[in-house]
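Just so you know, we're using our numbering here: the sequence shown kicks off at 7 and counts up by one. Backbone N, C-alpha and C define an ideal beta-carbon position, used for all residues, glycine too. Every value quoted in this text rests on a predicted model; they were computed, and no experiment measured them. These notes are about the structure you will find just below.
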Amino acid sequence: MSQSGLPPHDDDHVHLPPCPVEDITLEQRQAARRAQWKAREILALAIVAITTYTIHGFLSALAWGVVFAVATWPLYRKIQARWPRLAQGALLPALCTAGMALLFLIPMLFVGLEAANEAQNVLGLMKHARNAGVPVPVWVSRLPFGANAVVKWWNSHLSDPSAAAEFFSSFDARGLAMTKTVGSQVVHRGTLFFFSILTLFFLYKDGDTIMRECTVASRRAFGRRGELIGHQIIASIHGTVAGLVLVGVGEGIIMGVIYFLTGVPHPVLLGGATAIAAMIPFCAMIPVGLAATLLLVDGGTMSAVAVFAIGAVVIFTADHFVRPGLIGGSTQLPFLWVLLGIVGGAETWGLLGLFLGPAAMATLHLLWRNWSRERGVALPEG
7 MSQSGLPPHD DDHVHLPPCP VEDITLEQRQ AARRAQWKAR EILALAIVAI
57 TTYTIHGFLS ALAWGVVFAV ATWPLYRKIQ ARWPRLAQGA LLPALCTAGM
107 ALLFLIPMLF VGLEAANEAQ NVLGLMKHAR NAGVPVPVWV SRLPFGANAV
157 VKWWNSHLSD PSAAAEFFSS FDARGLAMTK TVGSQVVHRG TLFFFSILTL
207 FFLYKDGDTI MRECTVASRR AFGRRGELIG HQIIASIHGT VAGLVLVGVG
257 EGIIMGVIYF LTGVPHPVLL GGATAIAAMI PFCAMIPVGL AATLLLVDGG
307 TMSAVAVFAI GAVVIFTADH FVRPGLIGGS TQLPFLWVLL GIVGGAETWG
357 LLGLFLGPAA MATLHLLWRN WSRERGVALP EG
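What follows is the structure, encoded as structure tokens:
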């Protein structure tokens with residue numbers, strides 16, 4: 007009898023034999039390990055995909071923070087060496103981050119104030135035009151062709167106050183919609199800029215740890231070749247910053263002085279616009295052409311020709327000699343690859359592509375040089 011008072015059952019005395027370790031072959035162990043590795047890889051990819059989808063709206067802000075950090079890291083290390091006590095805490099990273107933020111915010115604030123003043127002037131002109139009309143400007147008669155057609159259109163749409171009021175009333179709804187769009191874009195871009203600056207702060211603060219971890223991860227995943235690719239990307243970003251940003255700022259300063267000397271209206275604002283446009287190759291001629299047009303409208307024909315000619319020479323020299331040397335010289339990248347990286351990156355990724363495009367082309371060029379390099383193997387003749 008069993009302890010429960012029931013007669014013994016045959017299942018009470020059945021014991022499963024232990025599975026001997028010797029019965030698991032080496033192939034089965036390897037298959038089990040491969041299955042575990044595949045499961046881990048699938049789980050890791052799923053986690054990465056979910057995380058990327060969660061923060062995909064802020065990926066551009068994180069990328070800008072990385073670009074800022076890589077571009078300014080040598081300067082930050084010099085500041086660290088100069089003030090080692092401040093570098094031990096968060097004070098030095100905070101100060102450097104604030105300096106970078108002001109470097110962008112001050113010009114943007116100035117441009118915003120200038121744009122607001124111009125908007126007020128435009129609104130005042132529209133109000134005056136609705137009450138008294140707009141007479142035909144003197145420069146219309148100096149047009150090389152189409153002067154009569156322009157005068158006829160102007161008289162029928164702008165010279166008469168009632169026609170001018172009807173003409174400008176169509177801009178009210180469009181202006182309101184544009185104001186809402188611009189306001190939402192300003193809020194959105196401001197949020198992304200805040201996260202870029204926040205990312206920059208943490209990269210400054212924990213930069214050494216992040217670089218060490220990236221180096222370890224790169225060696226485990228790609229070996230020593232991964233470090234070469236990383237160095238190539240960093241060198242490309244440094245060269246791109248020097249070739250795009252610094253050269254663009256230089257073009258803006260030079261053309262700003264030319265605008266001031268030739269009497270172009272708002273030379274500082276147009277100089278800033280030239281600097282921003284000059285960061286994209288061949289785009290700086292747009293503000294230069296605008297400045298020359300403003301001078302031509304005011305009757306300064308020779309000044310307009312001088313501004314356009316000087317701008318063309320400065321932009322041609324910068325885009326064809328200075329910029330390719332700075333970007334391609336640091337990565338041994340041919341001019342065509344540099345141009346394709348900048349233009350293609352800007353078309354695909356926007357302003358961020360100005361830095362991502364050359365970095366991608368520099369990495370591809372490095373891989374191509376490694377694969378196409380002769381390694382002492384004689385090629386068959388014929």
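Since residue i and residue j should fall inside the 8 Å C-beta cutoff, what is the C-beta to C-beta distance between them, to a whole number of angstroms?
i: F174; j: T103; result: At roughly 45 Å, the Cβ-Cβ gap does not stay under 8 Å, so F174 and T103 are not in contact.
i: L101; j: Q86; result: About 12 Å; that fails the 8 Å criterion.
i: S309; j: T268; result: 4 Å
i: V144; j: A170; result: Rounded, the Cβ-Cβ distance is 19 Å, inconsistent with contact.
i: A281; j: G306; result: That belief does not hold up - the Cβ atoms of A281 and G306 are roughly 23 Å apart, past 8 Å.
i: I264; j: V313; result: 6 Å
i: A96; j: K186; result: About 39 Å; that fails the 8 Å criterion.
Looking at the unbroken alpha helix (DSSP H) that takes in residue i, where does it start and where does it end?
i: N376; result: G359 to S378
i: W159; result: A153 to W160
i: H62; result: Where H62 is concerned, there is no enclosing alpha helix (DSSP H), given that its DSSP letter is neither H nor E.
i: I321; result: T307 to T323
i: G226; result: Reading the sequence as shown, one finds Arg at residue 226 and not Gly. G213 to F228 is the span of the alpha helix (DSSP H), which, as asked, contains R226.
i: L119; result: L97 to A138
i: M291; result: M291 to V303
i: P273; result: P273 to A284
i: W343; result: F341 to W355
i: T31; result: First-last for T31: undefined, no H or E at that position.
i: L250; result: First-last for L250: undefined, no H or E at that position.
Here's the rule: buried if 16 or more other CB atoms are within 10 angstroms of the residue's CB, otherwise exposed. What is residue i?
i: H62; result: exposed
i: R39; result: exposed
i: V27; result: The predicted position of V27 is uncertain, since its pLDDT is 48 and thus under 50; no value can be drawn from it.
i: L342; result: exposed
i: M285; result: buried
i: H244; result: buried
i: H371; result: buried
i: T78; result: buried
i: F74; result: buried
i: G229; result: exposed
i: V192; result: exposed
i: V128; result: exposed
i: Y59; result: exposed
i: Q238; result: buried
i: L339; result: buried
i: G118; result: exposed
i: A6; result: No answer is possible for residue 6: it lies beyond the span of the chain, which begins at 7 and ends at 388.
i: M106; result: buried
i: V294; result: buried
i: P90; result: exposed
i: M93; result: As written in the sequence, residue 93 is Ala, which differs from the Met given in the question. Burial call: buried.
i: D17; result: Any reading at D17 must be qualified, since the residue scores a pLDDT of 47, below 50, and its modelled position is unreliable; the value itself is stated next. When all chains shown are included, D17 counts as exposed.
Verify whether the separation of the beta carbon atoms of residue i and residue j is less than 8 Å.
i: F201; j: A69; result: no
i: N154; j: V142; result: no
i: M291; j: I316; result: no
i: V274; j: G256; result: no
i: A368; j: S242; result: yes
i: V344; j: P364; result: yes
i: C289; j: A298; result: no
i: G236; j: S224; result: yes
i: E120; j: H272; result: yes
i: L209; j: I216; result: yes
i: A366; j: L360; result: no
i: V270; j: L301; result: yes
i: A135; j: L164; result: yes
i: G232; j: I259; result: no
i: P113; j: N137; result: no
i: G389; j: T205; result: Outside the modelled stretch of the chain, which goes from 7 to 388, sits residue 389, for which no answer is possible.
i: V76; j: I240; result: yes
Say yes only if the C-beta of residue i is nearer than 7 Å to one or more non-hydrogen atoms of the ligand FAD, and no if none qualify.
i: V251; result: The ligand content of the structure shown is nil, which means the ligand FAD is not present either.
- Message: Whether or not the region 326–334 and the region 34–50 are in contact is what I'm after, with contact meaning three or more pairs of Cβ atoms, one per stretch, closer than 8 Å; do they touch?
- Response: They do not touch, by the three-pair rule.
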